[in-house]
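> With mature numbering (1 follows the signal peptide of the UniProt record, and there is no 0) applied, the sequence shown covers -27 to -1, 1 to 169.
Glycine included, every Cβ here is placed at the ideal spot set by N, Cα and C.
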Amino acid sequence: MTTRPNFIQRSKFLTAAIIALALTACSSGPKVRSDQAPNINFSQYQTFSFVSELATDRAGYTTLVTQHFKDAISAELTARGYRYVESDPQLLVNFNSNVANRSDTRSIPTTSYHYGYYHYRRGIVYAGFPVYSNDVSTVHYKVGTVNIDIVDASERQLIWEGIAEGTLKQKDLEQPREAAARTVALIFEQFPLSGR
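1. Is the region 49 to 63 touching the region 27 to 37, taking contact as three or more C-beta pairs under 8 Å?
2. Would you grab the beta carbon distance between residue 42 and residue 157 for me? Rounded to a whole angstrom, and I think it's under 8 Å.
3. For residue 35, which three-state DSSP category applies?
4. My output table needs one value for residue 156: the three-state DSSP class, helix, strand or coil.
5. Suppose you measure from the CA of residue 73 to the CA of residue 19; what does that come to, to the nearest Å?
6. Identify the residues that DSSP records as bridge partners of residue 120: which are they?
7. Nearest-angstrom Cα distance between residue -4 and residue 121?
8. Taking residue 144 as part of the beta strand (DSSP E), name the residues at either end of that continuous run.
9. May I ask you to list the residues that DSSP assigns as paired with residue 23?
10. Determine, using beta-carbon pairs with one atom in the region 139 to 155 and one in the region 123 to 131, whether at least three such pairs fall under 8 Å.
11. Does the beta-carbon distance from residue 135 to residue 25 come in below 7 Å?
12. If you check the beta carbons only, do residue 3 and residue 138 fall under 7 Å apart?
13. Just curious, the beta strand (DSSP E) that residue 8 is in, first and last residue?
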């Protein structure tokens, strides 16, 4: 008699563990991808600046998000040997960030047993057939996307683009400067070597 309730408890624990594993998989780091124009020698560029109207400044003024990204991108490009200039840059940088609400419906199969008491002539306790069903839950979360464009200023041609997309954690929302720096660093891991 005691083995069936233990089985049910283990089954519930396993279901909870699977849900936790699924949520952990969803909260892994952002997916980063990049693309670049063919036959571009990045060592020919030495200077950079930002486009005059950045995509994150839609209200006509520089937002805090813009400043966080400008600081992080400047740090990454400077570390790679590029120099920031106010006028006549060889490279122009533009970027955008976006947060969207998403939801997922998840279905996890479960099994339960129904117990009964059969009274005819003898008192027999029995377990019925297993009943298979699905536990369905809906998870709501925020997804952030960051795009960074590097443009050849004289040709007005996009030569490199880096994109990161991932689930935002509460820590990211509470510490946007640090989140921007981490995301930009991940994107720039795919930036081409300049040969300097």
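The short version:
1. no
2. 7 Å
3. coil
4. helix
5. 36 Å
6. 69, 136
7. For residue -4, the pLDDT reaches just 37, beneath the cut-off of 50, and the residue's location in the model is therefore unreliable, although a value from the coordinates is still provided. Cα to Cα, the separation comes out at about 27 Å.
8. Element bounds for residue 144: not the beta strand (DSSP E) but the alpha helix (DSSP H), 143 to 147.
9. 66
10. no
11. no
12. yes
13. 4 to 9
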